Structures are given as C-alpha cells and as structure tokens.
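Remarks on the structure that follows.
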Amino acid sequence: MKQEKIRNFCVIAHIDHGKSTLADRFLELTGTIPDRERQEQVLDAMEIERERGITIKASAVRMSYKSPEGEEYQLNLIDTPGHVDFSYEVSKALSACEGTLLLIDAAQGVEAQTVANFFLASDQNMKIIPVINKIDLPHADVDNVKRQLQDIFLIEEEPILVSAKLGQGAEEALKRVVEKVPPPSGSQEKPLQALVFDSEFNNYKGVVVYIRMKNGYIEPGMNVTFMATGNQYEILEVGVFRPAADKVKRLNCGEVGYICCNIKDPADVKIGDTVTLTKHPAASALPGFRKISPMVFSGLYPVNSVDFERLRDALGKLHLTDAGLIYEQESSPSLGYGFRCGFLGLLHMDIVQERLEREFQLDLIATIPGVIYRVHLTDGSVIDVDSPAKFPDVTRIETIEEPYIKAFLIITADSIGPVMSLCQEKRGTYVNKEFLDQQRIMLTYEFPLAEIIIDFYDKIKSLTRGYGSLDYEVIGYRATDLVKMDILINGEPCDALSFLVHRSQSQFKGRQVATKLRQLIPRQLFPVAIQAAIGSRVIARENVSAMGKNVTAKCYGGDISRKRKLWDKQKEGRKRMKQFGKVQIPQEAFRAVLKV
C-alpha cells in the first residue's frame, strides 16, 4: 500500500458516548469481520470490558476501505477508553495517529472528558473531525451540541451526524477521514524508527510489541535494538490486527502493527521506546511519552500467603499492558507479604483487582486507598508517604503537604445547590462558574486529591441524576493538617485498617469506621472492643458483645450458689480468652472500610 493511501486515526470521547459501537459499524462497513464472527463491542476483547460496558484498553485494527471513486485505502483505527482514569491510553493512541474523530452524544452534549480529550489531541496538532452520535434518541438536541462545539472548541466545521447503533452516517465518517486526515509522514528510505505504543504478554510468543512505523521498514530476520534499554533481538514475527493478530511479510513506513522477538521478561519492554536497526541505527530516539504518575495507592495482599509468588508474576504481566500500574513489595503483621500498588484512580484500582482475581485466579484483600503526601521533617529532609506505615513520628514532622487538583464539573442547572454543598464538604475551593447553555453549567473547583478518590464521582452522578461529569488535573502540593488514624481491635493495632485523614474529619471518620466494623466482625466467645485512635488518644469506640452460652442449662432447682459458681468460672474463662484469643477479621470488613 502506498504511503499516501494510509490513514491512521482514533476515536475519542467522554465515557459512554458510543466509541466502541461506532468502531463496530466501521468494521462491518469495510468487511473486516465476517458475518459469522459479528458481535457487539468487537474491539473490547476483555470479559470485564464487556460486562461493564466500558473500554479499558486502546485497541488497534487495520481496515481496507474503497472510496466512492474506487480508490483503495488502508485505515488503521485505534478505539480508546473514555474514563478519566484511562486518559493515558488515549495519549498513547494519539501518538500513533494523524487524525481523530471527536465523538459527542447528541443527548448529553459536551462533557468533562470530551474537553480533556479535545485538548490532548489539539496539543499534538492533529486533525480533529467532530461527530455527533446517538441522533436517533428521542431527546437528542443536535443544534445545541453544534452550538457547544463552536462556543467551547471554536470548531466551525460542520459535524457529521451519526447513529452508531443504526449504522446511519458511518460511511460519511469514513469518507471524511480519508478526505481530511493527512497521510503519515516519514520515509521508507531513512533508518528504521518504530514507536512502541503498547505491548501484551503471550504464553507462546512472549512479549508482543505494538509499534507505529515512523521511518524505514521492518521484516522477520532483522536484528533490532530497543534504544531505551539497549537490548538487541532478532525479529521472529511481524503482523497487523484485523482485529485478531495476522502475520504479514513486512511493515512499511506509516503502518501500525506488532512484532515478536521472543522477549521473555515483560520488564524488558518500555512503552514509548524506539525500535531501530542494530547495524544501521537511527541518529536519535523518538520523543516517546510523558512519564505517568500514579495518583492512588493501596496494598494488595493474597488471602492465602502461598499465592504471593503468583501475585508477583501476575502484577508483572499486567504492568506490561498497563503502564499506569506500579508496585513494590511490602509486608504487614496482620496480612503477611503483599505489594504496595499505585493506580491512576479508583476505577483503575477496581479494574486491576478484578483482573487479578479473574484472569489469574487470585483471592485478594485491598487496604484503604490513599495518595502521596509530602512530609517535611525537622532535620530539613523531605520524604514521600504513600501509606500509613511510612508515616513518621509526630515529633519529627515540621509540615505536611498533600496533592491538590483542579476539577471541572459539568452539571445540570437544577443540581447546582446540592453539588456546591458536596464540594464544600470535600474541602473544595470555588474557582469559577460557566454556563455552557441554559441547562448545563461547568463548575471549576480546587480539591485535595484525597477527598475525591473514593466516592466523589458516584455522588456527583447521583446528585445530577446521571448527567454530571468530572475531569481533573493535578496542580501541585499545598500545606495540610494530617493525622494518622489507628484502628485497635481489643487493644491491638490492625495496621491494614490504619489510614491518614485531615484532622477536621478525624472524629467523623473514626466513628464511621468503628461502627462499620462492629456490624461486620463476627461475635466471639469473648467481648471485642473496636477503637479508633490518634496516637494514644481514643476518639471513637464500639463493642461487639460476647456470644451467649448458657452454662447453667443443666442446673434445675437447687441452691443458687451452684449457678453463681458456674457463671464466675465462665467469666474467668472469657477473661483468659480475651487475653490470648485472636479476633478473625473477615475479608468483607476490609472491603467495607475501603468504601467508608
């Protein structure tokens, strides 16, 4: 295929605006998938993606398209996720493309992640083609969405009207891609430069490396070097996605595909690396990607300690396909050996845990999530604290800083009061209010990141009856008044339940956690005291009463002193059990505290 006949493009949008459904229509139109293999969300290959109805991983596919004039084109499509936690997948997909379809729901209009993805694409000087989807819905408002496109993005181009569900307008969208998206630049004659934009682990082939050819060509038998690591390999297999892996003889300049080099260790492949020829290397590496920083940290521990090595291997394989996941080994007196993991957000954390449990048959406990705090010590040094276990003694602390974000909330006009009250509860600082139209408002607030990582997004959705959306960007660190909350079970601290909290909310949070644990910890043969404490000061307490046992059941009639003797013996026994007995905390308790 000639280079000028190649088009590399992706589809970007807010979550649930119809990206994957539109991709299905493209695959049907171009005949990429036979009729017998057709199904909904073809490019969402993971079971968890299908169940939740969301895209988690960007997926590449090659299509052959014949224009109305009879000319043949090679279209490389990358379908991207829409949730804010997976925006890194979007930035990787954009780096492999020259153009993008900006998809907007005709009923929902422009939402927070639409804005974020638009600016990601415009920062890379890509051709952006506006598409209004779901025009078949009874409450679709196409004119209003067109107005928003002009007011917010200054897009004067007439958008394509599409109903991905019915297939209406999909042909027009492909035609516009061919007309408007420029062919890839680069030269077949220059030294090989291929950008690594993704990878996955295959039990038979080792690491499968996804590449976008920037210069030169690649074919089996070539010896290549990965410029970031310096590792050298022989190319064993070259192929493309249709959407299943399909071997080809060569990948030419401008194309998207994969290579296999019998790479056994997932850690040997870095996303954003440049592949070049070992004998005739390129003068410099490609720019690659901005290093990604996890925002939320949590401990993952196997319920059965013998599964620790399996958990280590599973995290290594997941990290290969998910650059946003980082992990390091840690141990806990309560839970044994596990890993401290960093995630891009709470949905990302939930997805990773579910994938580990499903794909690798692991049974896991997750500790309370937190963020990275910056602690300035009295000796002048600064340390990063991502877990309560690393929190230094209060006598050594000078000041503490926590990460802040700027949040953009797009909400309905009738929900502004409850939403602003929620923002005040979450220690938010009001910045700006902007009317997008008569029914929708964009609020800008600054929040501590720790306040929004757990239930904030769910509450916004609830208060706006599902119409609200959220996007955010990190703006740096600010001083805070932080304390470490310990949870004591019968006087023994349970380190897995400890968490860091702002002093102003410590009383409320302590009561919440103690009350929740009282409901979930099963009754023992001795009373159990649950305490929330800051240092040596207990701020909340709940009791789980002892299980009743009628030791006088066999006594009937006679002297009361005989019964008293048995009751005193039972009381002494309970004291002894309380002294030596261990309280078993069920796994549900850890998960429930996580939600609190």
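To convert a position in the sequence shown, counted from 1, into our numbering, add 1375.
We put the beta carbon where it would ideally sit given N, CA and C, even for glycine.
Owing to the predicted nature of the structure, the values given are computational and were not obtained by experimental measurement.
- request: Would you mind giving the Cβ-Cβ distance between G1581 and I1646, rounded to the nearest angstrom? I have them listed as a contact below 8 angstroms.
  value: By one-based count along the sequence shown, residue 1581 stands at place 206. By one-based count along the sequence shown, residue 1646 stands at place 271. At roughly 17 angstroms, the Cβ-Cβ gap does not stay under 8 angstroms, so G1581 and I1646 are not in contact.
task: Find the nearest neighbour of N1340 within the set M1817, C1798, K1944, judged by alpha-carbon distance.
output: Nothing can be reported for residue 1340: it is not among the residues displayed for the chain, which extend from 1376 to 1971.
message: Give me the DSSP bridge partner(s) of G1614.
response: Within the sequence shown, the letter at position 239 stands for residue 1614. Beta-bridge pairing links G1614 to K1622, Y1633.
message: Using a Cβ-Cβ cutoff of less than 6 angstroms, which residues in the same chain neighbour Y1676 once the five nearest sequence positions on both sides are dropped?
response: For the purposes of this step, residue 1676 is taken as residue 301 along the sequence shown, with counting starting at 1. Taken in chain order, the residues that qualify are L1710, G1713, I1740.
message: Assuming contact is defined by CB atoms lying nearer than 7 angstroms, are V1613 and I1634 in contact in what I supplied?
response: Stepping through the sequence shown from its first residue, residue 1613 is reached at position 238. Stepping through the sequence shown from its first residue, residue 1634 is reached at position 259. Yes; because the gap between Cβ atoms is below 7 angstroms, this pair is in contact.
Counted within 10 angstroms of its Cβ, other Cβ atoms place T1604 as buried (16 or more) or exposed: In the sequence shown, residue 1604 corresponds to position 229, counting from 1. It counts as exposed.
field: Burial state of I1935 (16 or more Cβ within 10 Å)
entry: Residue mapping note: residue 1935 aligns to position 560 of the sequence shown, counting from 1. When all chains shown are included, I1935 counts as exposed.
message: Using only the alpha-carbon positions, how far apart do R1425 and F1401 sit?
response: Along the sequence shown, read from residue 1 onward, the residue named residue 1425 stands at position 50. Along the sequence shown, read from residue 1 onward, the residue named residue 1401 stands at position 26. Its pLDDT being 48, under 50, R1425 is placed unreliably by the model, and nothing is read from it.
message: Give me the residue from E1800, G1841, R1749, G1406 with the minimum Cα distance to S1879.
response: Here residue 1879 is taken as the residue at index 504 of the sequence shown, counted from 1. Nearest option by C-alpha distance: E1800.
query: In its own chain, which residues sit with a C-beta less than 6 angstroms from the C-beta of V1552, not counting the 5 before and 5 after it?
result: For the purposes of this step, residue 1552 is identified with residue 177 of the sequence shown, where counting begins at 1. Answer for V1552: R1382, F1384, listed in chain order.
field: Residue closest to H1389, alpha-carbon to alpha-carbon, out of A1515, G1474, L1478
entry: If you number the sequence shown from 1, residue 1389 lands on position 14. The option with the nearest alpha carbon to H1389 is L1478.
A1658 burial status per 10 Å Cβ neighbour count (16 or more: buried): Reading the sequence shown from its first residue, position 283 is the one you call residue 1658. Flag for A1658 reads exposed.
message: So, at 7 angstroms on beta carbons, what are the nonlocal neighbours of S1908 in its own chain, with the 5 sequence-adjacent residues on each side left out?
response: Position 533 of the sequence shown holds residue 1908. According to the sequence shown, residue 1908 is Ala rather than Ser. Only D1861, L1863, I1914 meet the Cβ criterion.
task: Please classify D1754: does DSSP put it in a helix, a strand, or coil?
output: Here residue 1754 is taken as the residue at index 379 of the sequence shown, counted from 1. Looking at D1754 - three-state DSSP - the assignment turns out to be coil, as it is neither helix nor strand.
- request: Using a Cβ cut-off of 7 angstroms (strictly closer), state whether A1539 contacts chain E.
  value: Reference to chain E is not applicable here, since this structure consists of a single protein chain.
- prompt: Since G1745 contacts A1689 with CB under 8 angstroms, what's their CB separation in whole angstroms?
  reply: Stepping through the sequence shown from its first residue, residue 1745 is reached at position 370. Stepping through the sequence shown from its first residue, residue 1689 is reached at position 314. Wrong, their Cβ atoms sit about 23 angstroms apart, outside the cutoff.
Member of L1700, Q1813, T1787 whose CA lies at the smallest distance from the CA of G1972: No answer is possible for residue 1972: it lies beyond the span of the chain, which begins at 1376 and ends at 1971.
Bounding residues of the beta strand (DSSP E) (the contiguous stretch that carries C1472): Taking the sequence shown and counting its residues from 1, one reaches residue 1472 at position 97. Segment: none, C1472 is in no beta strand (DSSP E) and carries neither H nor E.
- prompt: Would you say L1661 and T1649 are within 7 angstroms of each other, going by their C-beta atoms?
  reply: Position 286 of the sequence shown, counted from the start, is the residue given in the question as residue 1661. Position 274 of the sequence shown, counted from the start, is the residue given in the question as residue 1649. Against a cut-off of 7 angstroms, the Cβ pair of T1649 and L1661 comes out as a contact.
query: Within 6 angstroms: the Cβ of F1810 and any heavy atom of the ligand NAD?
result: As for the ligand NAD, it is missing from this structure, which has no ligand bound.
- prompt: H1723 by DSSP, collapsed to three states: which one?
  reply: Along the sequence shown, one-based indexing puts residue 1723 at 348. Looking at H1723 - three-state DSSP - the assignment turns out to be helix.
field: Spatial distance of E1447 from T1405 (CA atoms)
entry: Counting from 1 along the sequence shown, the entry for residue 1447 is found at position 72. Counting from 1 along the sequence shown, the entry for residue 1405 is found at position 30. When rounded, the distance between both Cα atoms is 11 angstroms.
query: What span of residues does the beta strand (DSSP E) with R1382 cover, start to end?
result: Counting from 1 along the sequence shown, the entry for residue 1382 is found at position 7. Start and end: 1381 to 1388.
- prompt: What are the start and end residues of the beta strand (DSSP E) that includes M1817?
  reply: By 1-based counting over the sequence shown, the position of residue 1817 is 442. Per DSSP, M1817 belongs to the beta strand (DSSP E) from 1815 to 1823.
- request: Please determine, among I1510, Q1523, A1548, the residue with the shortest C-alpha to C-alpha distance to K1540.
  value: The residue you call residue 1540 lines up with position 165 of the sequence shown. When only C-alpha atoms are compared, the closest one is I1510.
- prompt: Buried or exposed: which applies to Q1525, given that a residue is buried once 16 or more other Cβ atoms fall within 10 Å of its Cβ?
  reply: Here residue 1525 is taken as the residue at index 150 of the sequence shown, counted from 1. Exposed, since its Cβ has fewer than 16 Cβ neighbours within 10 Å.
message: Our contact map puts A1889 next to L1845 with C-beta atoms below 8 angstroms; I'd like the distance itself, whole angstroms only.
response: Here residue 1889 refers to the residue found at position 514 of the sequence shown. Here residue 1845 refers to the residue found at position 470 of the sequence shown. The pair is not a contact, with the Cβ atoms about 30 angstroms apart (cut-off 8 angstroms).
query: Nearest-angstrom Cα distance between G1629 and E1379?
result: Numbered from its first residue, the sequence shown carries residue 1629 at position 254. Numbered from its first residue, the sequence shown carries residue 1379 at position 4. For G1629 and E1379, the distance between alpha carbons rounds to 9 angstroms.
- request: Decide if the region 1586 to 1597 is in contact with the region 1559 to 1568; the criterion is three or more beta carbon pairs, one per stretch, under 8 angstroms apart.
  value: yes
message: Runs of 3 residues minimum, wholly inside the region 1781 to 1869: which ones carry the beta strand (DSSP E) assignment?
response: 1804 to 1810, 1815 to 1823, 1844 to 1855, 1857 to 1864
- request: Express the C-alpha separation of E1554 and F1735 in angstroms, rounding to a whole number.
  value: Indexing the sequence shown from 1 puts residue 1735 at position 360. Indexing the sequence shown from 1 puts residue 1554 at position 179. So the two alpha carbons sit approximately 45 angstroms from each other.
query: Secondary structure at G1674, three-state DSSP: helix, strand or coil?
result: On the sequence shown, residue 1674 is found 299 positions in, with the first residue counted as 1. Here G1674 sits in strand by DSSP.
field: Ranges of the alpha helix (DSSP H) found wholly within the region 1866 to 1910, counting only runs of at least 4
entry: 1881 to 1895
task: Assign V1465 to one of three DSSP states: helix, strand, or coil.
output: Indexing the sequence shown from 1 puts residue 1465 at position 90. Helix.
Backbone secondary structure at K1550 - three-state DSSP: Counting from 1 along the sequence shown, the entry for residue 1550 is found at position 175. DSSP places K1550 in helix when its eight states are reduced to three.
task: Could you tell me whether the Cβ atoms of V1506 and A1481 are closer together than 7 angstroms?
output: The residue you call residue 1506 lines up with position 131 of the sequence shown. The residue you call residue 1481 lines up with position 106 of the sequence shown. In this structure, A1481 does not lie closer than 7 angstroms to V1506 by Cβ.
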